[in-house]
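Listed below in structure tokens is the structure:
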């Protein structure tokens, strides 16, 4: 029998993983995941679910939702991606990661089927999470999509409620190069006769969502049309306000469907997201004096919100430790950050990294204080050595940069 680490190494080496290798890991339809789950006895049919998609904020939204349901006394599954440190971050129940033994046993028992199926890493992770939640008899599971919605491996569930946080241009090679096309793909999680909550819209995306909901006889609720008094949360960052509004709108709908969730459950759930779900990497304060913050925002839409948040901070000098993967619009992302900051560009340790030599070609020439490093660790060390007590160090640009610093 393999050890846990040997099992994870086997998964990484045998199954294509989008986060590491990109397009070659993508599957074009739901055939694989459907066959896998049928082989497992369709575990996804043995518990209730909430399905969450969107370009940005879906991870935070999923964790807030799970925290509130946990406070309400439910046994709550939570599957999200990617993981930062440990594969088991993807499969949680009431905040705790699944046991190493479960992962070892699942792979050992189903190895032949996994290889025969030609499954991707994400498909196996999702099938594994469904099996775990069914075994644990969760009351409800919060299921975050991986990429898109319509053809995402999670999209074989029949949820109590669907949630789409927002739409921005990302993964255009898979989802389309307009907001309407991306909205159509993510709107694929809207199920017949199942309510859907939309967090943020544009004029282009609102029509797409409305048309899909009408066609599927689904009640559609727009969170931006709701007014809630904002509640305090341990998820810091003004950009979380929109996510909280989306969650509050969705919880209101769940209550209308008969789920017992009190106002106290809601306020405690939002106050204790990190404690209840162990979420990391969202405006994650790693140190003080100097202030060091890490955040997994990794596309222009998300990094614009980060730049606004940085602008609200008090500091003498700003140090930015940034690395990217090779399919992001780096030039647009960098346009949001202050020109006078000191930049420490680096390469995350994944095959999809944007190499320093290529990064040099897209860094604007009006950035004067620029340094390049071949690793995240070297860049962060240099930033720490340069920073004074009242300075700020921000590290991000990619989930994989954050994974190396927390």
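In the UniProt record's numbering, the protein residues as written are 1 to 406. Heads up, the beta-carbon is just placed ideally off N, CA and C, and yes, glycines get one too. Computed from a predicted structure; not experimentally measured.
Looking at C-alpha atoms only, which residue of the options is the closest neighbour of residue i?
i, options, result
"residue 82", "114, 60, 234", "60"
"residue 374", "345, 384, 387", "345"
"residue 114", "180, 35, 325, 202", "35"
"residue 279", "40, 49, 62, 15", "62"
"residue 296", "283, 139, 13, 288", "283"
"residue 135", "45, 147, 146, 89", "45"
"residue 69", "53, 15, 48, 41", "48"
"residue 327", "315, 316, 305, 298", "298"
"residue 396", "183, 367, 388, 333", "333"
"residue 267", "10, 323, 72, 131", "72"
"residue 138", "291, 260, 76", "76"
"residue 214", "204, 97, 187, 43", "187"
"residue 381", "100, 393, 225", "393"
"residue 230", "258, 263, 103", "263"
"residue 119", "37, 366, 182", "37"
"residue 41", "110, 254, 384, 181", "110"
Report yes if the CB atom of residue i is closer than 8 Å to the CB atom of residue j, and no otherwise.
i, j, result
"residue 415", "residue 141", "The chain is shown from 1 up to 406; residue 415 falls before or after that span and cannot be answered."
"residue 190", "residue 155", "no"
"residue 32", "residue 123", "yes"
"residue 165", "residue 179", "no"
"residue 65", "residue 247", "yes"
"residue 404", "residue 376", "yes"
"residue 286", "residue 157", "no"
"residue 226", "residue 249", "yes"
"residue 121", "residue 16", "yes"
"residue 67", "residue 272", "yes"
"residue 302", "residue 56", "yes"
"residue 317", "residue 388", "yes"
"residue 281", "residue 370", "no"
"residue 224", "residue 200", "yes"
"residue 125", "residue 90", "yes"
"residue 103", "residue 92", "no"
"residue 320", "residue 341", "yes"
"residue 58", "residue 116", "no"
Can you name, in chain order, every residue of its own chain whose Cβ lies under 6 Å from the Cβ of residue i, other than the five neighbours on each side?
i, result
"residue 274", "234"
"residue 128", "106"
"residue 400", "348, 350"
"residue 362", "330, 331"
"residue 185", "148, 149, 150, 175"
"residue 204", "179, 180"
"residue 307", "336, 337"
So, at 8 Å on beta carbons, what are the nonlocal neighbours of residue i in its own chain, with the 5 sequence-adjacent residues on each side left out?
i, result
"residue 21", "Interpretation of residue 21 is limited by its pLDDT of 47, a score under 50 that renders its predicted location unreliable; the figure taken from the coordinates is listed afterwards. Same-chain partners within the cutoff: 351, 352."
"residue 206", "198, 222"
"residue 291", "285, 313, 315, 391, 392, 393"
"residue 209", "164, 183, 187, 190, 196, 198, 201, 220"
Which residues mark the beginning and the end of the alpha helix (DSSP H) in which residue i is found?
i, result
"residue 301", "300-311"
"residue 31", "31-39"
"residue 182", "179-186"
"residue 126", "121-136"
"residue 162", "Premise fails: residue 162 lies in the beta strand (DSSP E), 161-164, not in any alpha helix (DSSP H)."
"residue 105", "100-117"
Using DSSP with H/G/I as helix, E/B as strand and the rest coil, what is residue i?
i, result
"residue 297", "coil"
"residue 220", "strand"
"residue 245", "helix"
"residue 144", "strand"
"residue 11", "helix"
"residue 205", "helix"
"residue 276", "helix"
"residue 267", "helix"
"residue 387", "coil"
"residue 322", "strand"
"residue 23", "With a pLDDT of 48 at residue 23, under the threshold of 50, the modelled position of this residue cannot be trusted, and the question is left open."
"residue 59", "helix"
"residue 85", "coil"
"residue 401", "helix"
"residue 344", "strand"
"residue 231", "coil"
"residue 97", "strand"
"residue 453", "No information on residue 453 is available, as it lies outside the stretch 1 to 406 that the chain covers here."
"residue 211", "helix"
Considering residue i, what are the terminal residues of the beta strand (DSSP E) in which it resides?
i, result
"residue 396", "392-396"
"residue 48", "48-53"
"residue 92", "91-93"
"residue 371", "369-372"
"residue 357", "Premise fails: residue 357 lies in the alpha helix (DSSP H), 356-362, not in any beta strand (DSSP E)."
"residue 78", "76-79"
Please confirm whether residue i has its beta-carbon closer than 8 Å to some beta-carbon of chain B.
i, result
"residue 41", "The question asks about chain B, but that chain is absent: this structure has only one protein chain."
For residue i, which residues from the same chain have a beta carbon less than 7 Å from its beta carbon, with the 5 sequence-adjacent residues on both sides left out?
i, result
"residue 162", "51, 189, 190, 191, 194, 196"
"residue 212", "187, 190"
"residue 6", "none"
"residue 304", "336"
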